[in-house]
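**Student:**
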Amino acid sequence: EMAMPMDELPRYVEECFSLKERYRGQIDVRVGLEGDYIEGWETEIHAIIERYPWDYVIGSVHFLGEWDITDFRQTHHWEGKDILEVYRQYYDAVSKAAATGMYDIMGHTDVIKRFGFVPSTEQTEERISLENAALQAIAKSGCAMELNASGLSKPCAEMFPSRRMLTEAIRLGIPLTMGSDAHDPMKLGEYLPEAEALLHELGCTEVAVFEGRHRSFIPLNV
Ligand SMILES: [Fe+2]
Numbered sequence: 468e469m470a471m472p473m474d475e476l477p478r479y480v481e482e483c484f485s486l487k488e489r490y491r492g493q494i495d496v497r498v499g500l501e502g503d504y505i506e507g508w509e510t511e512i513h514a515i516i517e518r519y520p521w522d523y524v525i526g527s528v529h530f531l532g533e534w535d536i537t538d539f540r541q542t543h544h545w546e547g548k549d550i551l552e553v554y555r556q557y558y559d560a561v562s563k564a565a566a567t568g569m570y571d572i573m574g575h576t577d578v579i580k581r582f583g584f585v586p587s588t589e590q591t592e593e594r595i596s597l598e599n600a601a602l603q604a605i606a607k608s609g610c611a612m613e614l615n616a617s618g619l620s621k622p623c624a625e626m627f628p629s630r631r632m633l634t635e636a637i638r639l640g641i642p643l644t645m646g647s648d649a650h651d652p653m654k655l656g657e658y659l660p661e662a663e664a665l666l667h668e669l670g671c672t673e674v675a676v677f678e679g680r681h682r683s684f685i686p687l688n689v
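Just so we're aligned, residue 468 is where the sequence shown starts under the numbering used here, counting upward by one.
(1) Rounded to whole angstroms, what's the CA-CA distance from D549 to R540? Just pull it up for me.
(2) Among all the DSSP beta bridges, which residues are the ones paired with A675?
(3) In this structure, how does DSSP classify D474 when only helix, strand and coil are distinguished?
(4) Counting beta carbon pairs with one atom in the segment 588-600 and one in the segment 529-545, are three or more of them shorter than 8 angstroms?
(5) Is any heavy atom in ligand 1 found nearer than 7 angstroms to the beta carbon of H529?
(6) Thinking C-beta only, is R680 closer than 8 angstroms to D577?
(7) Can you tell me which of the three DSSP states V480 falls into?
(8) If you run the structure through DSSP and keep just helix, strand and coil, what is W534?
(9) I'd like the span of the alpha helix (DSSP H) that includes S596, first residue to last.
(10) According to the neighbour-count rule (16 or more other Cβ atoms, all chains shown, within 10 Å of its Cβ), is N688 buried or exposed?
(11) According to DSSP, what are the bridge partners of F627?
(12) Taking only three categories from DSSP, how would you classify L659?
(13) Considering only heavy atoms of ligand 1, does any lie closer than 7 angstroms to the CB of H667?
(14) Check whether the segment 664-677 touches the segment 636-652, taking contact to mean three or more Cβ pairs, one atom from each stretch, closer than 8 angstroms.
(15) Quick one: grab the DSSP three-state call for I525.
(16) Looking at I512: is its Cβ nearer than 8 angstroms to the Cβ of D503?
(17) If distances are taken between C-alpha atoms only, which option among D495, L531, A565 comes closest to E552?
(18) Give the straight-line distance between the Cα atoms of M573 and K487, rounded to the nearest whole angstrom.
(19) With H, G and I counted as helix, E and B as strand and the rest as coil, what does DSSP make of I579?
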């Protein structure tokens, strides 16, 4: 229920590319893939990415081992765990994902906070250094990062990434994109005005867009 079964992928791609052709000149359709990053599965992931002529590929960490940290049905895995240690594993995976060079955009970079499990206030400094190390890995890789507005409707009640991380990303010169991570046609574009306003407030004047995996920038309309 969280993602597309692999055997539906060819049909999804075929439908998207036929819509791109059908509405050419009326609606600018860009076809993307949100690809998981799971350590040890790089060859398989690379093969899926190479199979189709994507406009862009988002790299996201959902899994730590077999635990999908974004699935509300799996939050019991947090029980008895050292939260900071989970954050360490998560941000290590984000850094490794960026370093693969397989992705155009890193997705929902601090989604580990989604269900409100956060390290204690005494551990804030270490949490910030984990976040910053991941941002530095993204900056070094040259890929962009999304501002994913869907976090506003999740238990964490803030976008992915946080305002602090976003400020740091802008300071590091990481190109940014915006997304609503809709999962549902009714949520298409949800909270994008809020995302745009936040970027504007932080002094960001343009966002990255992709076609045929080539990046360009468009000005923010605020
Ligand atoms: Fe995702």
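Backbone N, C-alpha and C define an ideal beta-carbon position, used for all residues, glycine too.
**Tutor:** Put simply:
(1) Between D549 and R540, the C-alpha separation is close to 19 angstroms.
(2) Residue pairing from DSSP places A675 in a beta bridge opposite F684.
(3) If DSSP states are grouped into helix, strand and coil, D474 belongs with the helices.
(4) At 8 angstroms Cβ cutoff, the stretches do not touch.
(5) The beta carbon of H529 sits closer than 7 angstroms to at least one heavy atom of ligand 1.
(6) No, the Cβ-Cβ distance between D577 and R680 is not below 8 angstroms.
(7) Residue state, collapsed to three classes: helix.
(8) W534 falls in the strand class under three-state DSSP.
(9) Where S596 is concerned, the enclosing alpha helix (DSSP H) stretches over 591-608.
(10) So N688 ends up on the exposed side.
(11) According to DSSP, which records beta bridges pairwise, F627 is partnered with N615.
(12) DSSP places L659 in helix when its eight states are reduced to three.
(13) Result no, Cβ not under 7 angstroms from ligand 1.
(14) Yes: the two stretches touch, three or more of their Cβ pairs being nearer than 8 angstroms.
(15) Three-state DSSP puts I525 in a strand.
(16) In contact: I512 and D503 (Cβ atoms closer than 8 angstroms).
(17) Check the Cα spacing between E552 and each of D495, L531, A565: the tightest is with L531.
(18) Approximately 24 angstroms between the Cα atoms of the pair.
(19) Residue state, collapsed to three classes: helix.
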